[in-house]
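S.K.: My structure is below; once you've seen it, I'll send some questions.
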Amino acid sequence: MLDDTYNELGAAERVTQNKVVALFRDHLQFTYLGNWKVSPENARTSPIEESLLRSWLERRGGESAVYAPKIIQTLKRAASNPSCSLYETNKAVYSLLYYGVGIAREVGQSHTTFPLIDWDHPENNDFAVAEEVSVRRVDGKTTRRPDVVLYVNGIALAVLELKRGSVTVNEAIRQNQTNQYKDEIPHFFSTVQLVMAANETEGLRYATTKTPPKYYLTWKRDQEDTPVNHLLEHLRELCSQKRLLEFIHDFVVYDAGIKKVARPHQYRGIKKAQEYLRRREGGIIWHTQGSGKSLLMIWLAKWILRNTPHSRVLVITDRTELDEQIDRNFNQAGITSYRTKSSRDLFAKLNRAEERVVCSLVHKFGLREGDADDIIREWDDTIPADFKVKGDLHVFIDECHRTQSGKLAKAMKRLLGSGIFIGFTGTPLFKSDKETSRETFGNFIDTYKFDEAVRDGAVLDLRYEARNVDQDFSPKGDVKLDERFERLTTGMTDEQKYQLKQKWGTMKALYSSRERLERIAANICEDMDRDLRLRMDAGNAMLVADNIYQAFRFYEIFQRTELKGKCAVVSSYVASSEATRTAGLGAAQQSEEMLKYETCQLMLKDFGFQTASVAACEKFESKVKEMFIKEPGQMKLLIVVDKLLTGFDAPPATYLYIDKKMQDHGLFQAICRVNRLDGESKEFGYIVDYKDLFRSLEKAVKSFTAEAFEHYELADVQGLLKDRLTEANKLLAQRLDRLRALCEPVAEPKGQDEYLSYFCMGENLKKHQRQRVELYTGTAALMRAYAKVCDELDLAGYSKEQITLIREEVEHFANARDAVKLASGDYIDMKMYEAEMRNLIDTYVHASDAESVSTMEDMGMVELLVTRTEEIIRETEKKTGKHAAESIGNNLKKEITEKRSLNPKFYDSMGTLLIRLLEDHKKGAIEYKDFLDGVVELARKIRGGERPRPQPINTPRLKALYDNAPAPRRHAERFPEQFALVMDRKCAGMQAGFNDPVSTRYREAFVLIREGMEELRDEFDLDINEEMIETVFNLAVQHYGRS
């Protein structure tokens, strides 16, 4: 049999799971339901334990007990709706959990609502935990077993996947993702609200259903400033009975097709705000840009509406696009809000209690400067005679750093009576405004500054660089431009240099221009070619132009570059007939107006809009914004002036180019457009400043807390921006040190043989699995850091000799990574992560090796040994040297393990032959050439499924049934053939969809298998058991399965 390298649950993982189960059972007072690992035929198909739910309903007594069957039936129907997606099903179930189940006592009578969970009294619920919960897969292929499942009143609300400390927590996250795929166990997640992944070294990650891996969150303990990796402490806090229910009830939202849960800082901010509101106090919540302020408002409003009698929420902002966005966010989250149309409409809605959430622009209160009495007198024509705010009003002021202007705010407070005011801001307050803000709103309820958000991983750190196009990129002749090309391509392979050379003509022409805008365009195009993320179409950029004319001039210039068709201008400009009326304007201004009009018309036509009406411009803007967010490779650059610099959430945005004088709030909000998370390839947001807003080019010491941010307190913006080159140099040094430390145990002279011996040969294949993962991820991180700075190492102070040594070391680690990945067989697990590394290696190391690895990934070792024998042996020897035999063995072993479910007995026998070959070679019983002959022959057997079988057994499915036939008591020599033929007939008779565990055809398939075995029982004296039936069913799924 194959060894247990890839199949057995590690002992360390079992220990971790025991600790977790003990925590829930002994400390958190969850009833232990047991280990629920069973065969597929007996596995669960529903996340609802009917007996437990019925018991809870009956214990509540009264009508809950009487109507328990109907309540359970309603919940089960919602949880297993085959016509709905997991998102839709989960949303329907959440509504029943949140509000309860409505049951009509009699036909035609109104519904009575019965709770499924007592949210207000956690102690009245039944909390339970089960482990190894076997759930039938949709395709019927054995089962999936979530490690730990938390039940409340018999309803599965949380799933936890665990890994041992040597396996990254990302593997547990990926397991959770896999389990939610359509052909896995999505039906089990229809009631689940928290999806968690953990190990003891990295701690707890949590999310909810259908959350992409990059958005899993790290829990932050109550008493600490930064996350720590203490698994049991994290679980103790997040999953205590009271907090688990509170979190699910108050901190889950369904937002425009995406289900989300709160981050730790959002939870903390809401909890603090609740305490203020209970005392009927207002205040300010300052959570930095990009950290989820809009969701904070939604969760707080939801809590207020539920917990405060007669409560209402008025949300005020000062920009139309923000007003639209907030109204849209509330409605998409299931909170009905009303957006006012005018001042009269605003006061009319406040004067009645029907609309519980109202959104309005601050302008609808009036803009005239004066004292509070003057402003109120102006409202006399608009305010109804009987005006009095109805209900218990809570006023949310969005971007309160702008809308809290003293006199108007005082007038609003007098008008709105006893309303509680809460200010929200994503930017620091001016030093001069802090006292006024406290007088208007009260104290800070909660602060979550940029540097704290970066430490928590809620947003990305920002890298800043001032560029002087007049000095650095001005036309200086071909020699200077050729020197620039050489610098740009420093560290690149010859192939990559050649590819960039083909594009250099266009950039050379732009750099040679006397016009500053063309040189900026050339510089941006250069970044598009040199930055890996931009080059691979994973990221994109925004350019802030000084005015609308310049924005369209930039657009016109980019049409002569590779960005043609992949950039657009988003502005307030509409190319209407009024725009062409230039009477009274000077010649230069007339020319500018015509250029804007004509360029805008052409741009809209390029994107399929034949007119430039207001409606067409709105549709155009929506289209290019959606492309920018969802298809970064098709919309690589958005050119803006004022629009999209606040409230525009676009994770792919990686670079912000600024060619406009900006300061304070406007600048702070703009630069945060690029701080959103977007997977591992986006490590930082980059700010390129063509206006030198911080005058850093004039100073010996670079500080980005003065000049453009001079009105802020130093502590409020500390660490917001860091110098790109300085930080890139630090990062390269840190990542080199990290890899050096990781590889310190590798024996000298640290060549290929020594790397393979340490990372993956012999017992180290299993023992050093975690170290291999660190080698792969660490090398990828090093390559990204090197790519960012390799052409500027001399500017960072390195000598030519040092630069050469760094390049050689980077190449050394890249080659070691490739060799280890190939020799260990890990390339099979790494396919999805290879695109970025291949691109980096092609660009900065070499191309041929990456190409050969790609061939193996695409074809597999078995196929290559049969069809390209000499080539793959030569390539493996080149990469792994004296470890070639074991490397080939590791790869074959991995492939055998992957294919085992097609024919377990056959592949087990092939695995046994492989192990024998490896052991004989290791002991010296056979020569290396004989070993190679042996593995090539083994590969041929695996490829052809060869072993002696009777003539009728001539298809893969018959062979699988023949090979896996059980042992009868009589006529053993002819039983396998008869078994295969009978089982083939029964399996072929299974109806389409038999592998759907919620279908009756699923059980019918087991009945057919049992019938076939009973046909053979008497003649062959066959002892039928569940394991035999399960084996045949699994083979049927592999070879006969139809969806």
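The end of the sequence shown is residue 1043 by full-length UniProt numbering, with every number in the run present. By construction, the Cβ of each residue, glycine as well, lies at the ideal position given by its N, Cα and C atoms.
1) With a threshold of 8 Å, are at least 3 pairs of Cβ atoms found where one atom belongs to the stretch 561-571 and the other to the stretch 635-649?
2) Opposite M196 in the DSSP bridges: which residues?
3) Does the beta carbon of D664 fall short of 6 Å from some heavy atom of the ligand GTP?
4) Nearest to E465 by alpha carbon, out of G685, A198, K214?
5) Do R356 and R312 come within 7 Å of each other at the CB atom, strictly closer than that value?
6) Would you check if the distance between the CB atom of T191 and the CB atom of A156 is smaller than 7 Å?
7) G292 and A353 - do their beta-carbons sit closer together than 7 Å?
8) Can you tell me where the beta strand (DSSP E) holding W299 begins and where it ends?
9) Between the Cα of E321 and the Cα atoms of R1003, L644, Y798, E809, which residue gives the shortest distance?
10) Measure the CB-CB distance between E184 and R136 and report whether it falls below 7 Å.
11) With a threshold of 8 Å, are at least 3 pairs of Cβ atoms found where one atom belongs to the stretch 65-73 and the other to the stretch 158-169?
12) Report buried or exposed for F1033, applying the criterion of at least 16 other Cβ atoms within 10 angstroms of its Cβ.
13) Would E202 pass as a contact of V169 if the rule is Cβ separation under 7 Å?
14) How should N523 be labelled, buried or exposed, when 16 other C-beta atoms within 10 angstroms of its C-beta is the threshold for buried?
15) Could you spell out where the beta strand (DSSP E) holding K259 opens and where it closes?
16) Would you identify the three-state DSSP class for C84, choosing helix, strand or coil?
17) Classify H27 as buried or exposed, calling it buried when 16 or more other Cβ atoms lie within 10 Å of its own Cβ.
18) From the DSSP output, in three-state form, read off S901 for me.
19) State the beta-bridge partners of K722 as determined by DSSP.
20) Need the endpoints of the alpha helix (DSSP H) that C525 sits in, please.
21) Once the 5 residues before and after I248 are set aside, which same chain residues still bring their CB inside 8 Å of it?
22) Could you give the distance in angstroms between the alpha-carbon of L913 and the alpha-carbon of L782?
23) Going straight from the alpha carbon of L245 to that of K636, what length do you get?
24) May I have the straight-line CA-CA distance separating L462 from Q718, to the nearest angstrom?
25) For P952, I'd like the list of residues in its chain whose CB is within less than 6 Å of its CB, leaving aside the five on either flank, ordered along the chain.
26) Is DSSP giving D735 helix, strand or coil here?
27) Can you tell me whether L795 is buried or exposed, with buried defined as 16 or more other CB within 10 angstroms of its CB?
28) Look up C359 in the DSSP assignment and say whether it is helix, strand or coil.
29) What do you reckon, are the CB atoms on A910 and I926 nearer than 7 Å?
30) Are at least three pairs of beta-carbons, each pair with one atom in the stretch 540-553 and one in the stretch 649-668, less than 8 Å apart?
31) When you compare only the Cα positions, how much space is there between T561 and Y776?
32) Can you tell me the Cα-Cα spacing of I383 and A348, whole angstroms?
33) In angstroms, rounded to a whole number, what distance separates the CA positions of G989 and K905?
34) Going by CA-CA distance only, name the one from D737, M761, R319 that's closest to N891.
35) Which residues in the same chain as D689 place their Cβ atom closer than 6 Å to its Cβ, once the five residues preceding and following it in sequence are excluded?
36) With H, G and I counted as helix, E and B as strand and the rest as coil, what does DSSP make of S311?
M.R.: Answer, in terms of the structure:
1) The stretch 561-571 vs the stretch 635-649: in contact.
2) BP columns for M196 point to L160, Y206.
3) This structure lacks the ligand GTP, and indeed carries no ligand of any kind.
4) Per the Cα distances, G685.
5) Yes, the Cβ-Cβ distance between R312 and R356 is below 7 Å.
6) Result yes, Cβ atoms of T191 and A156 sit closer than 7 Å.
7) No, Cβ-Cβ distance for A353 and G292 is not below 7 Å.
8) Boundaries around W299 are those of the alpha helix (DSSP H), 293-307, since no beta strand (DSSP E) includes it.
9) It is L644 whose Cα lies nearest to the Cα of E321.
10) No; because the gap between Cβ atoms is not below 7 Å, this pair is not in contact.
11) Because the criterion of three Cβ pairs below 8 Å is not met, the stretch 65-73 and the stretch 158-169 do not touch.
12) F1033 counts as buried, since no fewer than 16 other beta carbons sit within 10 angstroms of its beta carbon.
13) Yes, the Cβ-Cβ distance between E202 and V169 is below 7 Å.
14) With 16 or more other Cβ atoms within 10 Å, it is buried.
15) Segment 258-261, the beta strand (DSSP E) holding K259.
16) The answer is coil: DSSP assigns C84 none of H, G, I, E or B.
17) H27 counts as exposed, since fewer than 16 other beta carbons sit within 10 angstroms of its beta carbon.
18) S901: helix per DSSP, three-state reduction.
19) Assignment of beta-bridge partners to K722 by DSSP yields R463.
20) C525 -> alpha helix (DSSP H) spans 516-530.
21) The answer, listed in chain order, is L97, L157, Q193, L194.
22) Rounded to the nearest whole angstrom, the CA to CA distance from L913 to L782 is 40 Å.
23) One C-alpha to the other measures close to 43 Å.
24) Spanning the two alpha carbons is a distance of roughly 12 Å.
25) Take P952, set aside five residues on each side of it, and no residue of its chain has a beta-carbon closer than 6 Å to its own.
26) Correcting the residue identity first, residue 735 is Arg in this sequence and not Asp. Helix, per DSSP.
27) So L795 ends up on the exposed side.
28) Three-state DSSP puts C359 in a strand.
29) It is worth fixing the name first, because residue 910 is Met in this sequence and not Ala. Contact: no.
30) Flag = yes, the stretch 540-553 and the stretch 649-668 touch.
31) Approximately 36 Å, taken between the alpha carbons.
32) Rounded to whole angstroms, the gap between the alpha carbons of I383 and A348 is 8 Å.
33) When rounded, the distance between both Cα atoms is 24 Å.
34) Distance from the Cα of N891 is smallest, within the candidate group D737, M761, R319, for M761.
35) If we look at D689 and ignore the five residues flanking it on each side, its Cβ neighbours are A466, I658.
36) S311: strand per DSSP, three-state reduction.
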